[in-house]
Structure formats: C-alpha cells, structure tokens
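Heads up, the sequence shown is in my numbering, so the first residue is 160 and it goes up one at a time.
Encoded as structure tokens, the structure appears first; notes follow it.
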Amino acid sequence: MRKQTILLLSFLLLVVLGGFYAQPLFAKDEPLKMDIRTISGDDALLEGLTYYGTASTQWEATTFSLDRSGLHPSETQRQDVFFQDYADSAVLAWRADYRSFMRGKSSYSGNYAETEGQLYYVVEENDGFSLEILDKANGIVSENLLAYPEKKQKTYYSVSRTFLLDGKVIIEYSRYGNYSDYLGSDIAIYDPTSGSLEEHFVFEMPEGVAGHQSISAEILTQDDQKALFVMVRTEENDLEATDYVPPVISIAFKRYDWDTKQWTDLANTQDFSKEDLPYTIEDGIFYQLNQSGGDWTIQSLDLMQDKVLETIVLENADDWEFTSAADWKILIAGNNAVLTQTYIEPDRAAQLAAFDIGTGEMLYSGEITTSFGTNKETGSLYFDRIIYEP
160 MRKQTILLLS FLLLVVLGGF YAQPLFAKDE PLKMDIRTIS GDDALLEGLT YYGTASTQWE
220 ATTFSLDRSG LHPSETQRQD VFFQDYADSA VLAWRADYRS FMRGKSSYSG NYAETEGQLY
280 YVVEENDGFS LEILDKANGI VSENLLAYPE KKQKTYYSVS RTFLLDGKVI IEYSRYGNYS
340 DYLGSDIAIY DPTSGSLEEH FVFEMPEGVA GHQSISAEIL TQDDQKALFV MVRTEENDLE
400 ATDYVPPVIS IAFKRYDWDT KQWTDLANTQ DFSKEDLPYT IEDGIFYQLN QSGGDWTIQS
460 LDLMQDKVLE TIVLENADDW EFTSAADWKI LIAGNNAVLT QTYIEPDRAA QLAAFDIGTG
520 EMLYSGEITT SFGTNKETGS LYFDRIIYEP
C-alpha cells in the first residue's frame with residue numbers, strides 16, 4: 160500500500176511539473192502589437208506620416224513601419240548572440256532590396272545618400288573616400304576614389320553624413336589622431352564623376368581654447384535658393400580650475416550660399432541655440448519646440464533671411480510631459496506641424512498631435528499604443544526614422 164501511494168504521488172508530481180514546464184511550449188505566441196489611437200480630430204491629417212523602426216530580441220531583429228492603417232512588419236533577421244548588428248531600418252531595407260551591392264558595407268546610414276535612381280555609398284580608405292554608386296535600374300555599380308583634402312600621417316577619418324546637391328557629393332566627417340584624439344570636423348564637396356575636390360571647409364577649436372567642437376550640417380532649399388546650413392557646437396573647458404567646472408557650451412549657426420559660395424554667420428540665433436530642444440528644418444526655416452511657463456511653443460527662424468518669425472503657442476498641450484529632446488520629434492508639412500514622442504515602452508502610450516502652424520490650434524490628438532508580446536522578450540524597440548509627407 161505504501162509503495163502504491165509513493166507511485167501515485169510521484170505520478171501526480173510528474174503531471175504537475177510536466178504541465179508547468181510544457182505550458183510555455185504550447186502557449187500561443189503573442190507578437191508585437193502597435194497602433195495609432197485617435198483621441199480627437201480627423202486622422203486624415205496623419206496621411207503620409209510613417210514611423211520606421213526596429214524591434215530586437217536577443218535572437219532576431221524585425222524591421223517595421225507604422226502608419227494610421229496599422230503596423231506593418233517587414234523583414235526578420237537572425238541576430239548573432241555576441242555580435243549584434245544595430246543597423247537602422249533604412250540600411251536593413253537597402254540590404255533587402257540590393258543584397259549584392261550592400262554585402263560587407265557599413266550598418267550606419269550616414270555613409271549613404273539616395274536619389275530616386277541611385278544609391279551612393281562613401282567609406283574611409285587609406286588614400287581617400289571610396290565612393291560607390293549603384294544604378295538601381297540595371298544594377299551597375301560605378302566606383303571612384305575621392306582623395307582626402309589633406310592627408311597627414313596618423314590622421315584618421317570618420318564619415319558622419321553624406322549629402323547630394325546639384326549632382327555633387329557632400330561629405331561631413333571628423334578627423335582623429337590615434338583614433339581617439341579628436342582633431343576637428345570638416346566638410347568636403349566633390350564631383351562624383353571626376354573625383355575632384357571642389358570645396359573644403361575646416362571647423363576647429365579657436366586657438367588657445369581647450370575643449371571639443373562638433374558640427375551638424377543640413378541642405379537648405381527655399382524657392383530657387385540653395386544653401387548648406389551648419390550648426391557648430393563648441394564645448395569649452397576650464398583647464399585652470401582646481402574643482403570641477405562644467406564646460407561652457409555655445410552653438411553658432413552658419414550658412415554657405417550654394418551660388419555665391421559665401422559663408423554667413425547668422426546673427427538672430429540667441430533664442431535658438433539650446434541644444435536640448437528638438438528641432439526640424441523645412442523650406443529653409445528652422446523650427447524648434449520649446450516649453451516655457453507651462454506653454455509649449457514652436458519658435459521659427461528663417462535661415463535664408465536670418466529673420467525670426469512669430470512664436471506659436473500650441474493649444475491643449477500644457478499637461479504634456481517634456482523629458483528630453485531625444486524623446487520628441489517635430490515634423491512640418493504645409494501649414495501643419497506634427498509633434499510626436501519617439502520613445503516607446505510597453506503598456507505606455509506615446510503622445511501624438513497635429514497643429515495648425517499659423518495659429519497653434521490642435522487639429523488632431525492621438526497616441527501610439529504598444530504591447531511587446533509575451534514569449535519573445537523584446538530587448539529594444541525604437542523609431543529611427545519618422546517621415547511626414549502628406
């Protein structure tokens with residue numbers, strides 16, 4: 160009798176433990192869920208608003224896009240457990256469409272520039288920038304070597320951004336000594352066909368000033384005007400201080416006129432030089448989101464005319480929480496401004512709204528709702544591109 164009791168208890172224990180450990184195997188895998196939920200207004204205002212991002216687990220990465228019609232997963236790639244590839248959605252899309260051309264190339268989108276018919280790739284080599292141009296229609300690849308403007312011994316280069324304007328290749332890059340010793344940032348303009356250098360601009364710390372300087376460049380177009388906009392960030396350190404003194408940070412705006420080839424230091428920038436505020440540039444106008452005195456505002460500066468435009472107070476946004484510039488993005492198209500949070504957490508809605516850029520009237524209010532799923536633990540989920548093209 161005792162032996163039968165022991166066998167019965169052992170069987171029951173096996174059933175309980177077996178059910179416990181087998182449950183995950185038979186549980187229904189709930190995938191990533193994401194949606195845009197309308198609170199007020201017409202979601203037709205979101206036509207042309209698309210979020211591109213990547214959801215990653217320890218084992219795989221899935222690119223996706225999100226618009227008002229819902230979530231659209233695209234391609235899932237296996238991740239190497241030890242060497243994860245953090246390519247953004249644009250690079251992953253190019254890899255899917257142009258596998259042969261993209262083989263062995265950088266996962267950083269700053270090395271690329273794209274037109275309707277071509278995909279450009281720039282990377283650092285010993286004697287210059289290697290340029291490859293893919294013709295999307297026929298798959299033909301042309302190559303050229305763009306010699307460095309000046310090559311010094313033990314100087315290393317790192318491409319930050321690649322642009323195209325009027326058939327010219329514009330490369331924003333940094334220079335380093337012994338890889339980690341920052342020397343400065345440059346912009347070089349090349350003719351991609353001949354490989355000849357047409358312009359070279361150097362941005363370095365003022366002589367006698369200790370610290371660090373970095374740049375961020377953008378192409379400006381307004382009517383028939385074209386220019387290159389450069390935001391210069393200078394971080395000055397006090398080397399004589401005995402105690403810690405935070406660096407003094409200053410930001411300057413510069414404009415290079417494409418036709419006259421002249422540089423202009425913009426003067427009316429005192430209200431636009433805060434680096435911790437999100438901004439965007441559209442039609443040659445610099446739009447910056449700001450929060451002051453409980454109000455959310457959009458400040459505007461015409462970069463072509465160096466003229467401050469009217470500040471617009473945004474309606475019904477006073478209870479929104481501002482954390483950091485990285486968590487918010489502002490997009491402009493026509494008379495509308497879209498303001499959206501970019502930081503995504505499970506079971507936490509991200510704010511989304513559209514405003515009339517002339518009056519500040521809130522035309523649409525919504526939120527992005529997210530559920531990471533159950534069985535597969537999502538390690539990260541982020542938007543690396545948000546496009547608004549109604």
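Ideal placement from N, C-alpha and C gives every residue a C-beta, glycine not left out.
Since this is a predicted model, take the numbers as computed values, not measurements.
Between residue i and residue j, what straight-line distance do the alpha-carbon atoms span, to the nearest angstrom?
{"i": "Gly212", "j": "Phe362", "result": "33 angstroms"}
{"i": "Gly452", "j": "Gln458", "result": "15 angstroms"}
{"i": "Gly336", "j": "Tyr316", "result": "9 angstroms"}
{"i": "Val472", "j": "Gln429", "result": "19 angstroms"}
{"i": "Lys264", "j": "Glu275", "result": "20 angstroms"}
{"i": "Ser266", "j": "Glu283", "result": "14 angstroms"}
{"i": "Glu469", "j": "Ser355", "result": "43 angstroms"}
{"i": "Asp340", "j": "Gln312", "result": "14 angstroms"}
{"i": "Ile410", "j": "Pro365", "result": "14 angstroms"}
{"i": "Gln182", "j": "Thr501", "result": "Confidence is the limiting factor: at Gln182 the pLDDT is only 43, short of 50, which leaves the residue's position unreliable and the question unanswerable from this model."}
{"i": "Ser215", "j": "Phe223", "result": "11 angstroms"}
{"i": "Glu441", "j": "Ile491", "result": "7 angstroms"}
{"i": "Gly517", "j": "Arg414", "result": "26 angstroms"}
{"i": "Asn285", "j": "Asp461", "result": "40 angstroms"}
{"i": "Ile378", "j": "Leu230", "result": "31 angstroms"}
{"i": "Lys488", "j": "His359", "result": "32 angstroms"}
{"i": "Val318", "j": "Leu448", "result": "29 angstroms"}
{"i": "Lys433", "j": "Ala476", "result": "21 angstroms"}
{"i": "Ser558", "j": "Ala246", "result": "The structure shown does not extend to residue 558, since the chain is modelled only from 160 to 549, so the question has no answer here."}
{"i": "Val328", "j": "Glu273", "result": "11 angstroms"}
{"i": "Trp479", "j": "Ile545", "result": "20 angstroms"}
{"i": "Ile348", "j": "Glu357", "result": "6 angstroms"}
{"i": "Asp226", "j": "Ile195", "result": "7 angstroms"}
{"i": "Leu425", "j": "Phe388", "result": "10 angstroms"}
{"i": "Glu474", "j": "Pro308", "result": "50 angstroms"}
Tell me residue i's beta-bridge partners as DSSP assigns them.
{"i": "Glu366", "result": "BP columns for Glu366 are empty, so no partner."}
{"i": "Val404", "result": "Answer by DSSP bridge pairing: none, since Val404 is not bridged."}
{"i": "Trp102", "result": "Residue 102 cannot be examined here, being either before or after the span of the chain that is shown, 160 to 549."}
{"i": "Trp487", "result": "Gln500"}
{"i": "Arg196", "result": "Glu526"}
{"i": "Leu290", "result": "Val281 and Asn303"}
{"i": "Phe223", "result": "Gly212 and Pro232"}
{"i": "Phe360", "result": "Ile346"}
{"i": "Lys385", "result": "Thr380"}
{"i": "Ser375", "result": "Met390"}
{"i": "Ala272", "result": "Tyr279"}
Spatial neighbours of residue i within its chain, please: CB distance less than 7 angstroms, with the 5 preceding and 5 following residues excluded, ordered by chain position.
{"i": "Lys301", "result": "At residue 301 the sequence reads Ser, which differs from the Lys that was named. So the list reads Ile292, once near-sequence residues are dropped."}
{"i": "Pro437", "result": "Leu448, Ala484, Trp487, Lys488 and Ile489"}
{"i": "Leu123", "result": "The displayed coordinates of the chain run from 160 to 549. Any statement about residue 123 would go beyond what the structure contains."}
Buried or exposed: residue i, going by 16 or more other Cβ atoms within 10 Å of its Cβ?
{"i": "Tyr210", "result": "buried"}
{"i": "Ser248", "result": "buried"}
{"i": "Gly493", "result": "exposed"}
{"i": "Asn495", "result": "buried"}
{"i": "Tyr180", "result": "Per-residue confidence for Tyr180 stands at a pLDDT of 42, beneath the threshold of 50, marking its modelled position as unreliable; no derived number is given."}
{"i": "Thr352", "result": "exposed"}
{"i": "Thr393", "result": "buried"}
{"i": "Asp345", "result": "buried"}
{"i": "Ile444", "result": "buried"}
{"i": "Ser259", "result": "exposed"}
{"i": "Thr401", "result": "exposed"}
{"i": "Ala369", "result": "exposed"}
{"i": "Gly367", "result": "exposed"}
{"i": "Val250", "result": "buried"}
{"i": "Asn297", "result": "exposed"}
Who are the Cβ neighbours of residue i in its own chain at under 6 angstroms, not counting the five residues just before and after it?
{"i": "Leu176", "result": "Per-residue confidence for Leu176 stands at a pLDDT of 46, beneath the threshold of 50, marking its modelled position as unreliable; the derived number appears in the next sentence. Excluding sequence neighbours, Leu176 sits near nothing in its chain."}
{"i": "Pro549", "result": "Glu206, Gly207 and Ala492"}
{"i": "Glu331", "result": "Ser319, Arg320, Ile346 and Ala376"}
{"i": "Arg254", "result": "Met261"}
{"i": "Asn427", "result": "Asp465 and Val467"}
{"i": "Leu498", "result": "Ile489 and Ala512"}
{"i": "Tyr541", "result": "Gly212"}
Output needed for residue i: all residues of its chain with C-beta closer than 8 angstroms, excluding positions within five of it in sequence on either side, in chain order.
{"i": "Arg507", "result": "Thr529"}
{"i": "Gln372", "result": "Gly343, Ser344, Phe362, Glu363, Met364, Val391, Arg392, Thr393 and Glu394"}
{"i": "Gly200", "result": "Ala513, Met521, Leu522, Tyr523, Ser524 and Gly525"}
Does any residue of chain B bring its CB to less than 7 angstroms from the CB of residue i?
{"i": "Glu526", "result": "The displayed structure is made up of one protein chain only, and chain B is not part of it."}
*Any beta strand (DSSP E) of 3 or more consecutive residues that is wholly inside the region 406-485*: 407-416, 422-424, 438-441, 444-451 and 454-461
*asked:* What ranges does the beta strand (DSSP E) occupy inside the region 303-357, keeping only unbroken runs of at least 3 residues that lie completely in it?
replied: Listed in chain order, the beta strand (DSSP E) elements of length 3 or more contained wholly in the region 303-357 are 314-324, 327-336 and 340-349.
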